[in-house]
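This report refers to the structure that appears directly beneath it.
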Amino acid sequence: MKALVTGGAGFIGSHIVDRLIEQGDEVIVYDNMSSGIEDFIKPHFENPKFKFVQADILDVGKLKTEMKGVDFVFHLAAHADVRSGFDDHKIDLEQNLIGTINVLEAMRENNVKKIAFASTSSVYGDATIIPTPEDYPFFPTSLYGAAKASAETYISVFCEYYDMTAYIFRFVSWVGERYTHGLVFDFLNKLKKDPTTLHILGDGTQKKSYLYVKDGVDAIFTVIEKAKEKINVYNLGNDEIINVTESAKVIVDEAGYKDVKFTYAGGDKGWIGDNKYVLLDTKKLQSLGWKASKTTREGLHVTTRYLLDHPEVIEKRNKK
Ligand SMILES: NC(=O)c1ccc[n+]([C@@H]2O[C@H](COP(=O)([O-])OP(=O)(O)OC[C@H]3O[C@@H](n4cnc5c(N)ncnc54)[C@H](O)[C@@H]3O)[C@@H](O)[C@H]2O)c1
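Using the working numbering, you'd call the opening residue of the sequence shown number 4 and step up by one each time.
Rendered as structure tokens:
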């Protein structure tokens with residue numbers, strides 16, 4: 004198989020690239036490097052089955068050129084910072100919806116029939132059914148969630164128009180090796196600046212579950228192998244839920260900081276548009292035989308250790 008991975012130099016995308024290469028597939032990484040890290044894909048540079056294209060998904064002409072002969076698109080490139088949509092109302096539209104439409108256009112022109120799409124639990128917003136199943140309606144509270152939900156609907160229509168098959172994955176937050184943004188990253192950055200105090204957004208009671216990256220990649224490939232619908236929608240998450248104060252304790256503990264005082268911004272959410280309680284129902288995924296190897300807490304420990312052992316990753320990401 005020849006796969007094109009948009010966002011393949013990012014946290015999750017680079018793990019998907021590793022898996023495809025392990026399977027013996029040909030891989031094109033298509034990434035503009037806005038948040039990607041070259042070190043994550045460098046080990047493949049000498050591999051004749053690997054190609055790196057530094058380009059933007061907003062450049063539809065380039066996408067169409069690079070999509071020639073491709074069998075499967077893994078579409079992960081996105082503006083993944085949920086908070087910034089509050090101040091910039093166009094960024095999610097451009098990067099996450101129009102970017103996706105460009106990917107679909109390039110697929111159509113090159114007769115590529117299969118797409119895996121990185122969607123998000125944010126499409127559900129503040130769900131009233133917890134754990135939230137896949138058939139819960141879209142009620143996003145952020146423009147990021149709105150753009151991802153819209154992208155899902157465009158994918159569904161392209162599947163109908165052009166006989167494509169889609170694998171749509173609604174992720175909770177991922178953690179693990181190569182993690183470059185999110186709670187653990189922010190907390191370690193803050194603790195480095197001031198090891199005595201950790202300022203926490205919200206009141207610390209927000210509850211989240213975190214999925215370990217290798218479990219997430221296993222889940223994606225399990226679904227691709229076993230799911231047989233035209234449009235396959237799966238929640239990807241972890242059953243263990245943990246509040247932000249407890250997460251902070253895990254991170255502080257693993258990092259070895261002592262007597263850290265927690266202060267709180269207040270309010271029941273981290274920011275406007277955040278979701279207070281994120282726990283997805285993963286029965287559909289588990290029915291395919293998938294099981295997480297790490298709990299939420301274990302994932303947070305591994306991530307903290309990884310970032311402490313790789314200060315260069317924090318440094319490179321902070322410079323972006
Ligand atoms: N990390 C999570 O917890 C999480 C949760 C839910 C959904 N997602 C989704 O999963 C996908 C991957 O997330 P990630 O955590 O690996 O993020 P990431 O920022 O590490 O990776 C995104 C990659 O896309 C590239 N990119 C961004 N905009 C681009 C553009 N216009 N053209 C080409 N390349 C572009 C970046 O350089 C980066 O390498 C995203 O679609 C994100 O929305 C992630």
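Just so it is clear, CB atoms sit at the ideal spot from N, CA and C, and this is done for glycine as well.
From a predicted model like this one, the values you see are computed outputs, not experimental measurements.
Here's the rule I'm using: 16 or more other beta-carbon atoms within 10 Å means buried, otherwise exposed. How should residue i be labelled?
i       : result
Val-316 : buried
Glu-25  : exposed
His-202 : exposed
Gly-13  : buried
Gln-209 : buried
Phe-77  : buried
Val-160 : exposed
Asp-91  : exposed
Thr-131 : exposed
Asp-262 : exposed
Gly-39  : buried
Lys-324 : One cannot answer for residue 324 here, as it falls past the ends of the chain, which runs 4 to 323.
Which partner residues does residue i have in the DSSP bridge list?
i       : result
Val-236 : Ile-171
His-202 : Thr-266
Ala-119 : Phe-77, Tyr-170
Ser-176 : Tyr-213
Which two residues bound the contiguous beta strand (DSSP E) that contains residue i?
i       : result
Ser-360 : Lying outside 4 to 323, the shown extent of the chain, residue 360 is not represented and no answer is given.
Lys-193 : From DSSP, Lys-193 is part of no beta strand (DSSP E) but of the alpha helix (DSSP H) over 186-196.
Glu-97  : Run containing Glu-97: none; DSSP gives neither H nor E here.
Ala-6   : 5-9
Gln-289 : Gln-289 -> not in any beta strand (DSSP E); alpha helix (DSSP H) instead, spanning 286-289.
Which residues mark the beginning and the end of the alpha helix (DSSP H) in which residue i is found?
i       : result
Glu-318 : 314-322
Asp-34  : First-last for Asp-34: 29-34, but that is the beta strand (DSSP E), not the alpha helix (DSSP H).
Tyr-157 : 146-165
Whose C-beta lies closer than 6 Å to the C-beta of residue i among residues of the same chain, with five residues either side of it excluded?
i       : result
Val-216 : His-18, Trp-177, Gly-179
Thr-183 : Phe-14, Arg-320
Met-167 : Lys-116, Phe-161
Please go through the same chain and pick out, in chain order, the residues whose beta-carbon is closer than 8 Å to the beta-carbon of residue i, but skip the five residues on each side of it.
i       : result
Leu-61  : Glu-97, Gln-98, Ile-101, Gly-102, Asn-105
Glu-243 : Ser-212, Thr-298, Thr-299, Arg-300
Phe-120 : His-78, Thr-103, Ala-154, Glu-155, Ile-158, Ala-169, Tyr-170, Ile-171, Phe-172
Asp-84  : Tyr-147, His-184
Arg-308 : Glu-257
Asp-271 : Gly-205, Asp-206, Thr-208, Gln-209, Lys-279
Once you ignore the five residues that flank residue i on each side, which residues in its own chain have a CB closer than 7 Å to its CB?
i       : result
Tyr-165 : Arg-111
Ala-3   : The first residue shown for the chain is 4 and the last is 323, placing residue 3 beyond what the model contains.
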